[in-house]
Structure formats: C-alpha cells, structure tokens
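Once you know that position 139 of the sequence shown is 536 in this note's numbering, the rest is easy, because the numbers rise by one and skip nothing.
Ideal placement from N, C-alpha and C gives every residue a C-beta, glycine not left out.
Note that the structure is predicted; figures quoted are calculated from it, not measured.
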Amino acid sequence: SRAETMFKAGRKTDLNYFLQHSMYFDLYWNTYKIVLRNGYHIADISLWIDYIRLLERCGKDIHNAHYVCPLDLKAEHDKYQNKVRILQEQKKRMEQMKRARENEARFRELKGKFFGLEFTDGTIDVRVLDSVEAYYDEGNALHHCVGQCEYYLKPNTLVFSARIENKRVETVELSLETFKVLQSRGLCNKNTKYHKRIMNLVHKNIALVRKRMAA
Numbered sequence: 398s399r400a401e402t403m404f405k406a407g408r409k410t411d412l413n414y415f416l417q418h419s420m421y422f423d424l425y426w427n428t429y430k431i432v433l434r435n436g437y438h439i440a441d442i443s444l445w446i447d448y449i450r451l452l453e454r455c456g457k458d459i460h461n462a463h464y465v466c467p468l469d470l471k472a473e474h475d476k477y478q479n480k481v482r483i484l485q486e487q488k489k490r491m492e493q494m495k496r497a498r499e500n501e502a503r504f505r506e507l508k509g510k511f512f513g514l515e516f517t518d519g520t521i522d523v524r525v526l527d528s529v530e531a532y533y534d535e536g537n538a539l540h541h542c543v544g545q546c547e548y549y550l551k552p553n554t555l556v557f558s559a560r561i562e563n564k565r566v567e568t569v570e571l572s573l574e575t576f577k578v579l580q581s582r583g584l585c586n587k588n589t590k591y592h593k594r595i596m597n598l599v600h601k602n603i604a605l606v607r608k609r610m611a612a
C-alpha cells in the first residue's frame, strides 16, 4: 500500500530508493507522509534520508513540516551535519574527562611533589600543570594533544605552561631523566617568537626541579 501511494503520487525515484532500502519504509514512512501532504519535492532522496537521520540525532521533531520540508535541503543537511559533529566532539570530550578524572589519583602520585613550581624572567611565567583538567585546558587552548595523549601519565616527564600576562604561549615538556626540554609547542604545535627564550628559562631553573625531586 505504501508503494502504491508513492507510485500514484508520481514519486518513482523516491519509491525506487525505498525499495532498495526497505528498512527506511518502517522508520520514516510517517515522516514521508508529511512530504506527500505538503506536496514537497525531494531533490535528492538519499540526502533527504541522511538529513532526517541527522535531525533525529539532534533531537528534532521529524514529524514537523518545518524540519521535514526544508527550503534548501543541502544547506539544512550541512547545518545539522555540523551540529552532529559538535555533539560527537562534546561526547568525546566528556568521555575523555571521565577517564581523566579516574586517572587523577595516579597523576597526583606521579607529579604531586612538583605542584606549585613556577618561575619567571619578568615577562614569561612558567608553571607546572597541576591537574589532569589543566592538561586538557592547555591542549584545547593551544590545539595540541597534551591532554588527549595523556601526557599527565608519563612518569619521566614534567609539563609546564609558559604564559605572558596569563595568556598561554607555549607548552613545555621537560625530561626528568636528562633535564632537557623535549619539546615546547605553541598554538597548533608551532613555535612562537618566544620559543628559545622559554626553553632557556626552563633550563636556567632546572635546580628548582631537582630540588623538588629530592624532597
């Protein structure tokens, strides 16, 4: 009866798609009936189905003609595709933070003796990242992976945030074995004009790091 309804309505292209993807008949038939009632022409049935699925992911009412019969299908599809991407990223960050909180005790055991360690040359301030959340905040701000790659669980390195007027400039990883800077990364892993100055500042204050290790 559904196929007959679509055939009589002249929706042969749509019907052919539904026959090849029969699961969508049950899932979206009531939604498709709104299309029929409104005389809405679907320019690309495959794109429309994807769009309806995106609407579901975003919690939208797929029985509302406002959503189901968009004026510009491609534009609305792309808009909700971006919304779903943002939701997925938020979910991923929540999962990462949940895992991070579970690792907080281990992190404090590894790095607790260094908490509060900081030094400056009068312009650049360098301070130890003292929580797992701080690693994620640092990585999100500078668009690198110091949080996602769980640098907070690396036993033989120490990570600092180098800042000017409390604005993040570079993130510094120091070896606790060789006491050399392994890397210092600015926005999107690029070096800044302060790169050498930051590395020199860290190397000049190695004695403070050694003192914390011996405590």
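Going along the chain, which residues of its own chain have a beta-carbon closer than 7 Å to the beta-carbon of residue i, five neighbours each way excluded?
i	result
Q478	L451
F511	V525, L555 and R609
A440	L470
T428	I449, I459, H460 and V465
To which residues of the same chain is residue i closer than 8 Å at the C-beta, ignoring the five residues directly before and after it?
i	result
C455	Y477, K480, V481 and L484
I521	A559, R560, I561, V566, Y591, R594, I595 and L598
I446	Y414, H418, Y421 and Y425
What are the start and end residues of the alpha helix (DSSP H) that includes residue i?
i	result
F576	Note, F576: premise wrong, no alpha helix (DSSP H); not H, not E.
F415	K409 to Q417
D423	M420 to R434
I595	H592 to K601
V465	A462 to V465
L584	First-last for L584: undefined, no H or E at that position.
L452	I442 to R454
Terminal residues of the continuous beta strand (DSSP E) containing residue i?
i	result
V481	It is not in any beta strand (DSSP E) - V481 instead sits in the alpha helix (DSSP H) that spans L470 to E499.
F557	T554 to I561
F404	Where F404 is concerned, there is no enclosing beta strand (DSSP E), although the alpha helix (DSSP H) it sits in stretches over R399 to K405.
T517	E515 to T517
For the putative contact between residue i and residue j, defined by C-beta atoms under 8 Å, what is the C-beta separation to the nearest angstrom?
i	j	result
S404	L412	A small correction: the amino acid at residue 404 is Phe; Ser does not occupy that position in the sequence shown. Indeed, because the Cβ distance is near 6 Å, the residues count as touching under 8 Å.
Alpha carbons only, please: which of the options is nearest the one belonging to residue i?
i	options	result
V543	N563, R582, G513 and E574	R582
F422	L468, G436 and I442	I442
V465	K577, N537 and R434	R434
Y533	R503, Y548 and G519	Y548
P552	R607, L605, K564 and E574	E574
N602	L584, A612, R408 and F576	F576
G536	A400, L584 and A604	L584
I431	K409, H463 and A400	H463
Take residue i and list the residues in its own chain whose beta-carbon comes closer than 6 Å to its own, dropping the five residues that flank it on each side.
i	result
H541	R582 and N586
E570	T554, V556, L579 and Q580
F504	V529 and Y549
H474	L444 and Y448
Have a look at the DSSP bridge pairing and note the partners of residue i.
i	result
V525	F557
T520	Answer by DSSP bridge pairing: none, since T520 is not bridged.
K564	I561
V569	F557 and S581
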